[in-house]
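Protein chains: 2
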Amino acid sequence: MDANEFRRLGHALVDWIAEYRERKMPALPVMSQVKPGEIRARFPAEPPARGGGAAAALAAVDRDVLPGVTHWNHPSFFAYFPSNTSYASILGDLLSSGLGAQGMSWATSPAATEIEEVVMGWLRQMIGLSPAWSGVVQDTASTATLTALVCARERKSGFAQSHAGLQCREAPLVVYASDQAHSSIEKDACLAGFGKDHLRLLATDDAHALRLDLLEEAIRRDLAAGLRPCALVAATGTTATTALDPVAGMADLAGRYGLWLHVDAALAGTAMVLPECRWMWEGVERADSVVFNPHKWMGIGFDFSAYFVRDPQHLVRVMSTNPSYLRTAHDAEVRNLRDWGIPLGRRFRALKGWLHLVDEGVEAMQARIRRDLDNARWLAEQVDAAPGWERVAPVPLQLVCLRHGQAGARDEAAVNAHNLEIANRVNRSGRAYVTPSLLKGKQMIRISIGAEPTERRHVEALWAALREAAGED
Amino acid sequence: MDANEFRRLGHALVDWIAEYRERKMPALPVMSQVKPGEIRARFPAEPPARGGGAAAALAAVDRDVLPGVTHWNHPSFFAYFPSNTSYASILGDLLSSGLGAQGMSWATSPAATEIEEVVMGWLRQMIGLSPAWSGVVQDTASTATLTALVCARERKSGFAQSHAGLQCREAPLVVYASDQAHSSIEKDACLAGFGKDHLRLLATDDAHALRLDLLEEAIRRDLAAGLRPCALVAATGTTATTALDPVAGMADLAGRYGLWLHVDAALAGTAMVLPECRWMWEGVERADSVVFNPHKWMGIGFDFSAYFVRDPQHLVRVMSTNPSYLRTAHDAEVRNLRDWGIPLGRRFRALKGWLHLVDEGVEAMQARIRRDLDNARWLAEQVDAAPGWERVAPVPLQLVCLRHGQAGARDEAAVNAHNLEIANRVNRSGRAYVTPSLLKGKQMIRISIGAEPTERRHVEALWAALREAAGED
């Protein structure tokens, strides 16, 4: 492809994306309706011997790719989490691809490191963290939490990685979180070598938040058994219900017992752009690390996870490698962000954050987030007022967890099946996409509000679709 | 930003990228010449309260961003590794951003999973791996190798992660590689909890490749000491010199001692598209895992690392989590690629691979790779024929490692300083960008050939620049 073909196909693709978002998407089923294997079958099994096929490939996207796409930017996308990928962040990422620059070291493209420092400074201020924090972009909260647990492991073990690692035969290190913690906590604890036997997933209170009494009890029991409590993971907004763990109380315990405190605010971090929401993670300044995902509700395109630490030297000590082929003349004066995470190579992700933030601005973002909180409160009120419907968790943010038919005569298994069927019916209809989920054994329907184009009327339409699927209309 | 502004700014940005690549870049210094802090100072320290700034931001890229960019696609970029980011892959990634789809589960966008299966099947065939291998896209070789070491750890320990993890007080597990292995091997072994005491970085032969005699000796010594040999990492093309570890011999030892064999062909994997290069990793079919980076020499935009495993069920067993909010009706029939790596969220990276491959085609790619191999051989011949210059490693691929002034009267430290100065002089001149590096204590200059626009004349100009910097002209 030469520059002229790139211009021609690039213009057409930009137009296609605008057309997709503006006109096509609202008319498409939110959840892809294809069967397994249907998309794969549209592509040859063997690689193309001859080139020149880009124009034809792009022309076939509507036919071969789009039917297999679930539309995360659809106004009626209520599943998983809002992942908006604004127009501006699309352009920022296009610029990153066009430059093709590497941010592994400062010298490999100084702008990649320094604009990342700027954007992470903006994000830090936006969510109300003090200047004591330093930030870095990572791909996902899963990876950031793995990084946090490894750092916790190394701090507690006196940097055992430089000798026997976790195979040092000292007292085993233990990690604590609630049983509502994201699945990545368990995965990361396993990847970091702790083992499931050394992960305590504690029962939660009626609001599905971690119980401090059970946490301290577990810590004391482990100490009495000769184990070494190592790290606490607090969720500000759990995945299932946006429950709020008591960060301040956990920070007290972390201080008392010398533990690492990691705050997982993957989705809810965006709400901290609103000063009136910051009570939700009161105590966060005493944590060791915080992760939130601007690629969720904030609207920056995936993947852009913001990881903040109090002590970057600790992070660097754990992550740094310094082979001669990566040393440069400026190393003493600059940040080499390869030492702030697991991958060596680093895409110039700051550009999509930069462009998104200068395009939306903090005030408009605050208004958008307040709109979504209002919409969630509205839906919660409808559920509370509707006979036969039950709200199964508080609604501090943009997530409403509900359930139908609790009061009826049918047994629990039948109610569960009924609610799974409601969710599946809505999803199959293509009118909206919601997440069926289990909460402490009960089947519920999880409604996550916050796609950029989602207005009140879309939430009203969803509520109608749910009632219809429940057999009410 | 509305759809119309997106169209307008998008067209302008596509044109800017074409103009940057075609006209601006060749005239710019290859390595950014800014001082630390210079780019950061061009941006406000506080986040923008008001939005609407995208057009102005993009208009300021030439002034505020470009001076801080090191031009990885420049025809005279000879540093680190070729990282080409073709026009077609830029468009593929733009499509991915535009769709904004998530590939964490099959259901979250079936096309993301199935086109990844297609593209990974193409890549597998292109590098000559048998159908016994299954592939998945990861961000970098660092992450893929961490994944491999964790899988090795779990297989050897009987999946200890499900109980005591590495804290099980069984005999410590040991990892083996050469002292020329990439820095990520040490980092990954530390992250995975093995500890540096349980990593053997073995001395290499005169061609800088792993010595099988030392490897077997180390394994036996560890067994005798009551340790558990666990994993071998073979480099097909080391970072410093593209040395070729003896994969077949390592596979023999892996078989004999029950070890995991991981092949790191991050750069050299692309050369396997040439059948005449496949002797370089003879024995690869008996490895457990292989990683190569299509985002290097192959030309797909960063980040796109190809990780192949013989036994995906093993990978899934180590990586899988299955919380209720991620379960879907089709789970039994499909791949959920979140279980094939560390991050949960997954960008639709297959699109940039797909578009690159249909645009370049295998035959043109083979011709391009052969061109680069020819250019490296040409440079090696010049070095060999030039008095005062020394080639410090064999040239099986596109990397030439050289050094000036070896024969002179000056002491080793002075020769080292002289060669570092030659590299720095070339880099500061902006005419080319090379990597100064140490090889077994000797300062050398590492010339990596393979940017897409690099022709013979650019290598000739580099050779002239090197001789000039050495004080020869």
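These protein sequences, in sequence, are chains A and B. In case it helps, the working numbering puts the first sequence at residues 43 to 515. In case it helps, the working numbering puts the second sequence at residues 43 to 515. Here a beta-carbon is modelled for each residue, glycine too, at the ideal position from N, C-alpha and C. Keep in mind the model is a prediction, meaning the values are calculated, not measured.
Mind pulling the chain A residues with CB within less than 8 Å of T283(B)? Correct list: empty, because the minimum Cβ distance to chain A is about 10 Å.
7 Å Cβ cutoff, A307(B) in contact with chain A: no
Quick one, which of V457(A), V217(A), D453(A), L508(A) has its alpha-carbon nearest A474(A)'s? L508(A)
Residue-chain proximity (D239(B), chain A), Cβ-Cβ < 7 Å: yes
By the DSSP assignment, the alpha helix (DSSP H) with P152(B) in it spans what residues? 152-168
Give the straight-line distance between the Cα atoms of P438(A) and S225(B), rounded to the nearest whole angstrom. 45 Å
Kindly indicate which three-state DSSP category L188(B) falls into: helix, strand or coil? helix
7 Å Cβ shell around E454(A) - same chain, five flanking residues per side excluded: none
P436(B) CB to nearest chain A CB: under 7 Å? no
So is D522(B) buried or exposed if we call it buried at 16+ other beta carbons inside 10 Å? With chain B running from 43 to 515 in the structure shown, residue 522(B) is simply not present.
What do you reckon, are the CB atoms on M43(B) and A130(A) nearer than 7 Å? yes
With 16 other Cβ atoms within 10 Å as the buried cut-off, status of P15(A): Outside the displayed range of chain A (43 to 515) lies residue 15(A), so it cannot be described from this structure.
Kindly indicate which residue of L244(B), G387(B), A506(B) has the alpha-carbon position closest to the one of Q424(B). A506(B)
Name the chain B residues that come within less than 7 Å of H53(A), Cβ to Cβ? H53, V56
Given this structure, state the Cα-to-Cα distance separating K66(A) from V56(B), to the nearest angstrom. 23 Å
Beta-carbon proximity of V25(B) to L233(A), cut-off 7 Å: What the structure shows of chain B is the stretch from 43 to 515, and residue 25(B) is not part of that stretch, so it cannot be assessed.
Leaving aside the five residues before and after E494(B) along the sequence, list all residues of the same chain whose C-beta is less than 8 Å from its C-beta, in chain order. N115, P124, N126, S128, G341, R410
With a Cβ-Cβ cutoff of 7 Å, do Q209(B) and P214(A) count as a contact? yes
So V376(B) contacts chain A; which residues on that side make the cut at Cβ distance below 8 Å? P78
Range covered by the beta strand (DSSP E) that runs through S490(B): 484-490
For P317(A) and A251(B), what's the separation of their Cα atoms in angstroms? 58 Å
Who are the near neighbours of L100(A) in its chain, counting only those whose CB is closer than 8 Å to its CB and skipping five residues on each side? L51, A54, L55, W58
Closest by CA to R63(A), which one among P117(A), W396(A), P90(A), T283(A)? P117(A)
CB contact check: N115(B) to chain A, cutoff 7 Å: yes
Rounded to whole angstroms, what is the Cα-Cα separation between L243(A) and H205(A)? 30 Å
Taking the Cβ atom as the reference point for each residue, do T278(B) and A310(B) lie within a distance shorter than 7 Å? yes
Compare the C-beta of V332(B) with all C-beta atoms of chain A and state if any pair is closer than 7 Å. no
The beta strand (DSSP E) spanning S331(B) covers which residue range? 331-334
Using beta carbons (cut-off 7 Å, strictly below), is Y475(A) in contact with chain B? no
Short-range partners of chain B found in the region 347-369 of chain A, where Cβ spacing is below 9 Å: S347, V360, M361, S362, T363, N364, P365, S366, Y367, L368, R369
Of all the CB atoms in chain B, is at least one closer than 7 Å to the CB of A96(A)? yes
By a C-beta neighbour count over all protein chains shown, 10 Å radius and 16 as the cutoff for buried, is E497(B) buried or exposed? exposed
Other residues of its chain near I227(B): CB distance less than 6 Å, five sequence neighbours each side excluded: A219, V275
Can you pull out the residues from the region 230-257 of chain A whose beta carbon lies closer than 7 Å to at least one beta carbon of chain B? C232, L233, A234, G235, F236, G237, K238, D239, H240
What did DSSP end up calling H224(B) once you bin it into helix, strand or coil? coil
Quick check on this structure: which residue in D345(A), D373(A), I487(A) has the alpha carbon closest to the alpha carbon of A186(A)? D345(A)
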